[in-house]
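Heads up: the sequence shown begins at 70 in the working numbering, then just goes up one per residue.
Backbone N, C-alpha and C define an ideal beta-carbon position, used for all residues, glycine too.
Down below is the structure, laid out as structure tokens.
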Amino acid sequence: MKAPTLTPDHEQLARYAKALGHPVRVYIIELLSSQTCCFSGDLAEELPIARSTLSQHLKELKSAGLIQGTIEYPKIRYCINKENWEKARILFNNLLNVSIQVKDACKSNSK
Numbered sequence: 070m071k072a073p074t075l076t077p078d079h080e081q082l083a084r085y086a087k088a089l090g091h092p093v094r095v096y097i098i099e100l101l102s103s104q105t106c107c108f109s110g111d112l113a114e115e116l117p118i119a120r121s122t123l124s125q126h127l128k129e130l131k132s133a134g135l136i137q138g139t140i141e142y143p144k145i146r147y148c149i150n151k152e153n154w155e156k157a158r159i160l161f162n163n164l165l166n167v168s169i170q171v172k173d174a175c176k177s178n179s180k
């Protein structure tokens, strides 16, 4: 069997999927998408989690490039990174629009 060819798009999609792999992070994205931006303290009031846990979730989303944070001392203002969100939307749409086909190569030959 031929080794798979992984593209930068595969790697980027995996980063986005990992960042969205927790329900709290999905909820944070929903909150941020319904507003222009939001301060971390406002997010903390919306979520029943410790601020340190919220900070870790925000760090994961920011690391993947899905959100951006701007320091407005003493607060941090978070927004959706619109350019990267559009890239993520396209990559997920491409993946989810793939037709599933059963191929003999994927069937087990062991008995």
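Cα-Cα separation, residue i to residue j
i, j, result
"G138", "V95", "17 angstroms"
"L89", "L82", "11 angstroms"
"K180", "S168", "Its pLDDT being 49, under 50, K180 is placed unreliably by the model, and the measurement read from it follows with that caveat. One C-alpha to the other measures close to 28 angstroms."
"H131", "A72", "As written in the sequence, residue 131 is Lys, which differs from the His given in the question. Distance between the alpha carbons of K131 and A72: 32 angstroms."
"P117", "C107", "17 angstroms"
Cβ pair residue i, residue j closer than 7 angstroms
i, j, result
"I149", "S102", "yes"
"I145", "S109", "yes"
"L123", "A133", "no"
Closest Cα partner of residue i within the set the options
i, options, result
"Q125", "L82, V93, A83, P77", "V93"
"Y147", "D78, E99, Y85, A86", "E99"
Residue i burial status per 10 Å Cβ neighbour count (16 or more: buried)
i, result
"L75", "exposed"
"L165", "exposed"
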